[in-house]
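Report on the structure given below.
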DNA sequence: GATGAATGAGCATTCATTCAT
DNA sequence: TATGAATGAATGCTCATTCAT
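Protein chains in written order, with the working numbering: chain A, 562 to 766; chain B, 562 to 766; chain C, 562 to 766; chain D, 562 to 766.
Given below as structure tokens:
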């Protein structure tokens, strides 16, 4: 149904749960968490309103599940990319950024919802999702700090630069358009360069 | 009442209108446009629900008024800063970024609402606000393009770099905390440096 | 402004009162008493909402004034017509019907409101208006009863025939269209004939 | 609950829908469409306000359903009566009028609402109901035209006479009182006679 | 699991009316 | 007279959620 969500929500097992999650993603990304109704989700999932509650105990839990999956998957992809990138900070960062950009364009709806609807989460669910997000942020900070310490990055503000870098990458979900001027690969390469520049690398490619 | 909104909403004339706008800013920034109710706004403004409609014909119009003011004021400040910055692109950009950062920290709520609630605007109101936002973006693009053409900026992607720069600056409203490590001046200087780095200036200060 | 209301609401003295009454007539006839708002009336009258209450203490009183004028004027015209019609019931009835039809087409809005909005009157105002309406009805009944007693009308149900006659005439306000097939004179003549037929006159013209 | 609505709203299947329709009939006939609230209807139906919307998507749709049923049932009864009345126009008209009168007194609320609240219908719903009403009117016109052509009726204005006849019959709903002087049969017979007279039949019974 | 019906709370908006000026 | 601002109550309608089946 929505190729952009292929790997985020596994459609193989429990077809209904996947349909609900995907419908929620669509609804929340188009109307926002508070603007979308459980009826919207049910309609999109092709099931009844009350059946939603057999899978998710509340609307908030539905959002939490979505954000958890999105953040976990993003973190996972970045970690995998970094792990395979050798030990130079420059290479690790490039790998992270490219994986990040690809995730955002492949799962634009999920990225958008993760960016803009996290504020509607409260309590334990919020803590958990914020923690996942912070781990991603922390990963960037570590790489940047290491690169700054090792002389690869010249920026005098490694932590703040990392934060701004993540802001930049996350914001792609707000303006990217699939049919646009740049394809995902070009976009990834371009943002790798932006990242290097932001961190004041001497070695530009 | 809210020092962060000092100049955005003039409290001198039409006290009630200003109180309503400020209450709406507070409500929308804390709960989102759809999560905040007109009752919230009325309570915050110290007036009755129905009296709100003597000032704004609908909740959407209230949001539109807010976004219009925020975008217009931001654009105005940047234009003024640029106009007083000489003709080198580097100087103009630094002036723009510093004015931008100061606006965001001075009007954090307004900036946050302008960033995240614009999606709930429709029709003519949306067009108008989007146009104001695009003029700001266009101003950055012009400066960057001029600087790239004149050899001040080395970036091979002036337009996209400008877009990411604006993303970065706008996102400050999502994480800035008034009592934090950096005061507004330091933050402005820091982001001026980030901007120069992103555009690959040779001249770093 | 509205020629159909020329004599019902005297526009000479107290221009505002007349404007309000005419605006109310327009509003009530188009949207019904409950569907029209005092704001509608104010807008139509070209004055402020609150100023309405300097002339009429409540929306109900405004309706009452309207209905009183409409019923009084109708009764007055019919009485005048009957008084000038000689003493044969046939002639009196014809005069009454023709005056009645002319009133309805000249004051269609007022007639429509008098027919369909009287139900929203309560208390003393209702009593007074119902009394006026019943006097008109009574006049018809008297003429028909006299004509039946004198052999001019053959109907065996004078009172019920009179009621149905009035129903028929009042209903003209619900379907008459100024630019239609029949002009007021033709319509009056036609309904005079219908009335004679209904009462089973031997003398048909 | 309301014996006057016995056949109009079938209470056998879907008990709630019938209860809502009957409550709406009661509410609209007593307070008018705009004067009655959905809360009134819910109270009368013995259910919650929000549950109303599981049966009818809007107040207008509720009115439309009511008017559709009323007009369809009236038309149906008249058609059935006419079909069983032989081929003389006089007999057909008498049958139509008697069926009409019986419908009005049996379903006085529905008849009253159909007469006076049709103006609050808009769009497609209005078109549909107006069409049903016009078919009834057309049926009368056809009978009268045939009778006039065949010499049974002497009226020189068959179409207009038919219209006034329908006005007369519809208006019964505005003044009839169940415990009154005339029982339904007598009323039907009386109005059959009025109809014949109005059309200037030679043969009076 | 899955459904349709049900509900109480809440929503944006409009109302007739009042009041200070 | 005339007004703009104000209000409490009510409006039609939607919401997330529950429950009996």
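A virtual CB, placed ideally from N, CA and C, is assigned to each residue, including glycine.
Looking at the backbone, the Cα of residue 717 of chain D and that of residue 733 of chain C are separated by about 19 Å. Closest by C-alpha distance to residue 719 of chain D, out of D:705, D:730 and D:727, is D:705. In the DSSP assignment, residue 762 of chain C is bridged to C:714. Here residue 668 of chain B really is in contact with residue 631 of chain B; their C-beta atoms are around 7 Å apart, less than 8 Å. Residue 683 of chain A carries a coil assignment under DSSP once its states are collapsed to helix, strand and coil. Where residue 719 of chain B is concerned, the enclosing alpha helix (DSSP H) starts and stops at 719-736.
Think of a sphere of 8 Å around the beta carbon of residue 589 of chain C: no beta carbon from chain D falls inside it, the nearest being about 11 Å out.
Residues of chain D with a Cβ closer than 7 Å to the Cβ of residue 677 of chain C are, in chain order, 677. At a beta-carbon threshold of 8 Å, none of the residues of chain A lie near residue 737 of chain B; the nearest stands roughly 11 Å away.
Contact of residue 755 of chain B with chain A is assigned, a C-beta pair being separated by under 7 Å. In terms of CA proximity to residue 678 of chain D, D:625 leads the group D:625, D:645, D:756 and D:693.
Excluding sequence positions up to five before and after residue 642 of chain D, its CB lies within less than 8 Å of the CB of 656, 657, 659 and 660, all in the same chain and listed in chain order. Judged by beta-carbon spacing, residue 590 of chain A lies within the 7 Å limit of residue 674 of chain A, meaning their Cβ atoms are closer than that value. DSSP places residue 596 of chain B in the coil class of the three-state scheme, outside both helix and strand. With respect to the 7 Å criterion, residue 761 of chain A and residue 715 of chain A are classified as neighbours on the basis of their beta carbons. Out of D:681, D:735, D:742 and D:693, the CA that lies nearest to the CA of residue 634 of chain D is found in D:693. Annotated three-state conformation of residue 616 of chain D is coil, per DSSP. A direct Cα-to-Cα measurement between residue 619 of chain B and residue 671 of chain D gives close to 38 Å.
Residues of the segment 702-720 of chain B with a Cβ closer than 9 Å to any Cβ of chain A, in chain order: 715, 716, 717 and 718. The alpha-carbon of residue 708 of chain A is positioned some 12 Å away from that of residue 763 of chain A.
Beyond the five residues adjoining it in sequence on each side, residue 723 of chain C comes within less than 6 Å, by CB distance, of 701, 702 and 705 in the same chain, given in chain order.
The beta-carbon separation of residue 646 of chain D and residue 652 of chain D, rounded to 5 Å, stays under the 8 Å limit for a contact. Rounded to whole angstroms, the Cβ separation of residue 749 of chain B and residue 649 of chain B is 18 Å, and the two are not in contact under 8 Å.
For residue 726 of chain A, the closest C-alpha among the options A:758, A:579, A:629 and A:599 is that of A:758. Put simply, the CB of residue 632 of chain D is far from chain C, with every gap to its CB atoms at 7 Å or more. About 6 Å separates the CB atoms of residue 610 of chain D and residue 600 of chain D; that is less than 8 Å, so the two are in contact. In the structure shown, residue 646 of chain A falls within a coil segment according to DSSP collapsed to helix, strand and coil. Interface flag for residue 596 of chain B against chain A is set, since a Cβ pair is found closer than 7 Å.
Contact between residue 621 of chain D and residue 579 of chain D does not hold, since the beta-carbon distance rounds to 19 Å and is not under 8 Å. In the structure shown, residue 570 of chain D falls within a coil segment according to DSSP collapsed to helix, strand and coil.
The beta carbons of residue 636 of chain D and residue 697 of chain D sit about 5 Å from each other, so the pair counts as a contact at 8 Å. Think of a sphere of 7 Å around the beta carbon of residue 761 of chain B: the chain A residues whose beta carbon falls inside it are 758, in chain order. At least one beta carbon of chain B lies nearer than 7 Å to the beta carbon of residue 725 of chain A. The C-beta distance from residue 584 of chain C to residue 602 of chain C rounds to 5 Å, short enough to meet the 8 Å contact threshold.
Our two residues, residue 745 of chain D and residue 628 of chain C, have alpha carbons roughly 32 Å apart in a direct line.
Contact check for residue 595 of chain C against residue 593 of chain D passes: the beta carbons are separated by less than 7 Å.
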